[in-house]
Amino acid sequence: MSTPRTLFDKIWDEHVVARLGDGVDLLHVDRHMVFELTGAIGYRDLAAKARRPRNPELVFATVDHVVSTDIGDRETATSAEGRRMLGLLRDGLARRPPRAFFDLGDSRQGIVHVVAPEQGIALPGLTLLAGDSHTCTVGGLGALAWGIGSSEVEHVLTTQTIRQKRPKRLRVIVDGRLAPGVHAKDIVLALIARIGAAGGTGHAVEFAGPAIGTLDIEARLTLCNMAIEFGSRIGQVAPDDATYQYLAGRPFAPKDEMWERALRHWKTLPSDPGAVFDREVALDASRLSPQVSWGTSPEQSMPVGGLVPDPNVMPDAAKREAAIASLRYMGLVPGEPIAGTPIDVAFIGSCTNARLSDLDAAAAVVAGRKVAPGVRALVVPGSGLVAAAAEAKGLDRVFRDAGFEWRAPGCSMCVAANGDVVAPGQRAVSTSNRNFEGRQGPGARTHLASPATAAASAIAGVLADPRRRGA
Amino acid sequence: MEPLRRHDGIAVPLRRANVDTDAIAPMRFLVSPDRQGLGRALFANWRAEDPDFPLNRARWAGASVLVAGANFGCGSSREMAVWALAEAGFRVIIAPSFGEIFAINCFKNGLLAIALPEAAVEALQDALEKGAGQSRMSVDLEANLLVGPDGASYGFVVDPARRAALLEGLDEIGLTLKREADIAAFQAADRLRRPWVYETG
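Each protein sequence line maps, in turn, to chains H and B.
Anchor point for the first sequence: position 44 equals 44 in our numbering, and the numbering is continuous, going up by one each time.
Going from the second sequence to our numbering is simple: count from 1 and add 1000.
Structural data, given as structure tokens:
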């Protein structure tokens, strides 16, 4: 009998090209996702050094960060600097065409971490890298995926490998079952509040336990998306029948006999009984309520039914000082209920929560109601295909009738790189992943929440519990 | 990459935990393919809002060592945060812990990220804030030793592979390219083992 191994270790071991010493492995990269914000610089720098992408057939490209989300002529609506980035990316891709490029005008264009699962580019057991920290998202399919900087993008393009030291393993066991109105986003916000924004640093995390098994694939993607928000570059859920059903028939997933071979392999990947994790954390999903962030780090999150925390009672000095600074920035008063805080903007989108099930959850709350006066509410679908599927179900009408803007796919207001920004001092409820100071625009105040909570807040005009249908 | 063996320079304290790369390099400066000119992005929001922000203070002008709080550089993988620090003259970042992608990006650009225990970082910050104009520090990567502004010295440990890369100024892509035979052999064997990886859709 061989030693029991984790999902993470099985995939890692299978990708070792060479051991480089000092604990560093040279790993093969099965999929490299490229997009304009880091890809433009990557391809230009590569050309400047007279180097070429080694395996363009393993590269997939899209555009998402800087592109306009206006419905209509998106090229023209994109900023001049953004168009320069698009131009450099297109030049680079034209020199060595990737396996596929989902450019503006392609119905498959969208946020890189929405496109990769949707197209079957991300698969269980694959290593998948991209120059974006939320690449951990696709670990929800059982891939080994993480975000890298520009230097590593260049390394991957040139060599189809990466030099990497094996992290430790953390297992987050989620027991119980989510109550109605509580979603994957709430699990991960509650987890980060508990273990901190650096609680997983140095670890690859596997989410396991009964509650995870009941989550659909899109919810698992949401969960893994935010691994980086507690410091883990890698988040994973072991593949299971739900994973295989999700992937079957996707454009770049294996077909026919190849599918059967892949499936046999994928079924060997889940962590063996008795596999050892360096750390374990347990959470009970059935005790969770909808969460909302109150500060400027994702770890500053709380139940939407709770009171704004009082820094004076925080035992840890650093946390206390951070809380004071955060509350000042956020304009919140300790001891007040956070529900009822007036909002200016409601943003439903991002690689965390812009898939069809997210729009479904939001639309269920919105249907037949109106966005509160003075609130700007927008839905930015994660991809052209998400938008089309939502439109086929009439969700766009539900949102538009309520007073939401229905926009074209991209990262939009999550990263505020394309002109979709929250104005200084304005307060947004956002289904994105980061409530950092200035993240959604200089001086913008962000409250992270699930699509259901964001939708309920848009209707109420204040931060609101989606389980309470207000008058 | 420019090697880094020893560094001597002015150090500036930044007492704040969870400083993210959005704060280090705000997005509005990054929608551009240019690598140059990012120095003006460095902590741009905090520099604009707060005249007492440490990087605005004359006593720490020209700093090349940053003594920061825990989980420094968390969040976005944007390497522009490191390019901004580098362009502004920083070579060494000391903190209790780092965002991992940021720490990797530092080493790829010849910046030394040193993790020290929280108490040691606070002692350095105290010395920088209280010291009568004493703000020079020296860092010796060959000896794994740094000396604070008050003369107190601290040993540190840097991942051996990163340390070697910094000391030698290694070009990692160049080194990996020398492994081409290994990469080709891996792919040839892997194609038989996992053909679906290579023959997509």
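The beta-carbon is built from N, C-alpha and C at its ideal position, and this holds for glycine as well.
Keep in mind it's a predicted model, so treat the numbers as computed, not measured.
### Message
8 Å is my cut-off, CB to CB: does Ala1161(B) come that close to chain D?
### Response
No chain D appears in the structure shown, which is made up of the protein chains H and B.
### Query
If Asp472(H) sits next to Pro451(H), beta carbons under 8 Å apart, how far is it from one beta carbon to the other, in whole angstroms?
The structure shown does not extend to residue 472(H), since chain H is modelled only from 1 through 471, so no value can be given for it.
#### Entry: Those runs of the alpha helix (DSSP H) which lie wholly inside the segment 204 to 256 of chain H and span at least 4 residues
210 to 213, 217 to 225, 241 to 247
### Query
Where Leu1177(B) and Ala408(H) are concerned, what is the direct C-alpha to C-alpha distance, given to the nearest angstrom?
Taking the second sequence and counting its residues from 1, the one referred to as residue 1177(B) is at position 177. Taking the first sequence and counting its residues from 1, the one referred to as residue 408(H) is at position 408. Taking the straight line joining both Cα atoms gives about 41 Å.
### Message
Pull the bridge partners of Gly147(H) from the DSSP assignment, please.
### Response
Counted from its first residue, the first sequence places residue 147(H) at position 147. Paired residue(s): Ala130(H).
### Message
By DSSP's criteria, Pro1013(B) is part of a beta bridge. Which residues make up the other side?
### Response
Walking along the second sequence from the start, residue 1013(B) turns up at place 13. Pro1013(B) pairs with Val1067(B).
#### Entry: Coil, strand or helix - Phe473(H) by DSSP
What is shown of chain H runs 1 to 471, which leaves residue 473(H) out entirely.
#### Entry: For Trp12(H), the three-state DSSP class (helix, strand or coil)
Against the first sequence, residue 12(H) aligns to sequence position 12. DSSP places Trp12(H) in helix when its eight states are reduced to three.
### Same chain, Cβ closer than 6 Å to Gly1073(B), five either side skipped, listed in chain order
Stepping through the second sequence from its first residue, residue 1073(B) is reached at position 73. Excluding positions up to five away in sequence, the list reads Thr1021, Phe1098, Gly1099, Phe1102.
### Task
Look at the alpha carbon of Pro373(H) and the alpha carbon of Ala390(H), and state the distance between them as a whole number of angstroms.
The count along the first sequence starts at 1 and reaches residue 373(H) at position 373. The count along the first sequence starts at 1 and reaches residue 390(H) at position 390. Cα to Cα, the separation comes out at about 25 Å.
#### Entry: Under 9 Å (Cβ pairs) to chain B, residues found in the segment 143 to 161 of chain H
Trp146, Gly147, Ile148, Gly149, Ser150, Ser151, Glu152, Val153, Glu154, His155, Thr158, Thr159, Gln160, Thr161
#### Entry: Closer than 8 Å at the beta carbon, the chain B residues around Lys165(H)
For the purposes of this step, residue 165(H) is taken as residue 165 along the first sequence, with counting starting at 1. Under the 8 Å cutoff, chain B gives Asp1159, Ala1161.
### Query
Ser1064(B) touches chain H at which residues, Cβ-Cβ below 7 Å?
Position 64 of the second sequence, counted from the start, is the residue given in the question as residue 1064(B). The premise fails here: Ser1064(B) is roughly 21 Å from chain H at the closest Cβ pair, so nothing lies under 7 Å.
### Task
Run the proximity test for Arg44(H): is its beta-carbon closer than 7 Å to any non-hydrogen atom belonging to the ligand HEM?
The model on display carries no ligand, and the ligand HEM is accordingly not part of it.
### Task
Check whether the Cβ atoms of Leu378(H) and Glu336(H) lie closer than 8 Å to each other.
Position 378 of the first sequence, counted from the first residue, corresponds to residue 378(H). Position 336 of the first sequence, counted from the first residue, corresponds to residue 336(H). No, Cβ-Cβ distance for Leu378(H) and Glu336(H) is not below 8 Å.
### Task
Pull out every residue of the segment 12 to 32 of chain H whose Cβ sits closer than 9 Å to any Cβ of chain B, in chain order.
Glu14, His15, Val16, Val17, Ala18, Leu20, Gly21, Asp22, Gly23, Val24, Leu26, His28, Asp30, Arg31
### Query
Counting contacts by CB-CB distance shorter than 8 Å, is Pro1013(B) in contact with chain H?
Taking the second sequence and counting its residues from 1, the one referred to as residue 1013(B) is at position 13. Not closer than 8 Å to any Cβ of chain H, the Cβ of Pro1013(B) fails to qualify, so no.
### Message
Tell me the residue span of the alpha helix (DSSP H) that contains Val24(H).
### Response
For the purposes of this step, residue 24(H) is identified with residue 24 of the first sequence, where counting begins at 1. It is not in any alpha helix (DSSP H) - Val24(H) instead sits in the beta strand (DSSP E) that spans 24 to 28.
### Message
For Phe277(H) and Arg171(H), which I take to be in contact (beta-carbon distance under 8 Å), what is that distance rounded to the nearest angstrom?
### Response
Within the first sequence, the letter at position 277 stands for residue 277(H). Within the first sequence, the letter at position 171 stands for residue 171(H). Indeed they touch by this definition, with Cβ atoms about 4 Å apart.
### Contact under 8 Å by Cβ, Thr296(H) with Met258(H)
Taking the first sequence and counting its residues from 1, one reaches residue 296(H) at position 296. Taking the first sequence and counting its residues from 1, one reaches residue 258(H) at position 258. Cβ distance not < 8 Å, so Thr296(H) and Met258(H) don't count as in contact.
### Query
Which bits of chain B does Ile217(H) rub up against, with CB to CB less than 7 Å?
Position 217 of the first sequence, counted from the first residue, corresponds to residue 217(H). None at all; the shortest Cβ gap to chain B is about 19 Å.
### Message
Short of 8 Å in beta carbon distance, which residues of its chain neighbour Ala471(H), apart from the five on each side in sequence? Order them along the chain.
### Response
Start at 1 with the first residue of the first sequence, and residue 471(H) comes out as number 471. Annotation note: pLDDT 37 at Ala471(H) (below 50); position unreliable, no value reported.
### Task
Could you name the residues of chain H that Ser1032(B) contacts, counting a contact when the two beta carbons are closer than 8 Å?
Start at 1 with the first residue of the second sequence, and residue 1032(B) comes out as number 32. Within chain H, the residues near Ser1032(B) are Glu81, Arg84, Met85.
### Task
If I'm right that Thr158(H) touches Ile1104(B) with Cβ under 8 Å, what's the distance once you round it to whole angstroms?
For the purposes of this step, residue 158(H) is identified with residue 158 of the first sequence, where counting begins at 1. For the purposes of this step, residue 1104(B) is identified with residue 104 of the second sequence, where counting begins at 1. Not quite, the Cβ-Cβ distance comes to about 17 Å (not below 8 Å), so this is no contact.
#### Entry: Contacting residues, own chain, Cβ-Cβ under 7 Å from Pro124(H) (five flanking each side not counted)
Taking the first sequence and counting its residues from 1, the one referred to as residue 124(H) is at position 124. Closer than 7 Å at the Cβ level, and outside the excluded window around Pro124(H), lie Leu141, Gly142, Ala143, Pro239, Thr243, Trp266, Leu269.
#### Entry: Val415(H) at chain B interface by Cβ criterion, 8 Å
Translated into the one-based positions of the first sequence, residue 415(H) becomes position 415. Yes, because at least one Cβ of chain B sits closer than 8 Å to the Cβ of Val415(H).
#### Entry: Beta-carbon spacing of Val34(H), Ala61(H) below 8 Å
Start at 1 with the first residue of the first sequence, and residue 34(H) comes out as number 34. Start at 1 with the first residue of the first sequence, and residue 61(H) comes out as number 61. Taking 8 Å as the Cβ cut-off, Val34(H) and Ala61(H) qualify as a contacting pair.
### Query
Would Thr201(H) count as contacting chain B if we go by Cβ distances under 8 Å?
Counting from 1 along the first sequence, the entry for residue 201(H) is found at position 201. By this cut-off, Thr201(H) is an interface position.
### Message
Just to confirm before moving on: does the CB-CB distance between Ala40(H) and Pro1033(B) stay below 8 Å?
### Response
As a working mapping, residue 40(H) is identified with position 40 in the first sequence. As a working mapping, residue 1033(B) is identified with position 33 in the second sequence. Yes; because the gap between Cβ atoms is below 8 Å, this pair is in contact.
### Message
I'd like to check one pair, Val66(H) with Ala354(H): are the Cβ atoms closer than 8 Å?
### Response
What you label residue 354(H) is simply residue 354 of the first sequence in a count that begins at 1. What you label residue 66(H) is simply residue 66 of the first sequence in a count that begins at 1. Cβ atoms of Ala354(H) and Val66(H): not closer than 8 Å.
### Message
Quick check on Asp420(H) - is its C-beta less than 8 Å from some C-beta in chain B?
### Response
Here residue 420(H) is taken as the residue at index 420 of the first sequence, counted from 1. Output row for Asp420(H): interface = no.
### Message
Give me the chain H residues within the contact set of Ala1023(B), using Cβ-Cβ distance strictly less than 8 Å, ordered along the chain.
### Response
The residue labelled residue 1023(B) in the question sits at position 23 within the second sequence. Phe436, Glu437, Gly438, listed in chain order.
### Message
What would DSSP say about Asp175(H), mapped onto helix, strand or coil?
### Response
Position 175 of the first sequence, counted from the start, is the residue given in the question as residue 175(H). Correct three-state label for Asp175(H): strand.
### Query
So, Asn433(H) versus His134(H), is the Cβ gap smaller than 8 Å?
In the first sequence, residue 433(H) corresponds to position 433, counting from 1. In the first sequence, residue 134(H) corresponds to position 134, counting from 1. The answer is yes: Cβ separation under 8 Å.
### Query
Are Leu1166(B) and Pro1013(B) close, meaning C-beta to C-beta below 8 Å?
Position 166 of the second sequence, counting from 1, holds the residue named residue 1166(B). Position 13 of the second sequence, counting from 1, holds the residue named residue 1013(B). Result no, Cβ atoms of Leu1166(B) and Pro1013(B) do not sit closer than 8 Å.
### Query
Is Val1092(B) closer than 8 Å to Ile1114(B) when the C-beta atoms are compared?
Counted from its first residue, the second sequence places residue 1114(B) at position 114. Counted from its first residue, the second sequence places residue 1092(B) at position 92. Taking 8 Å as the Cβ cut-off, Ile1114(B) and Val1092(B) qualify as a contacting pair.
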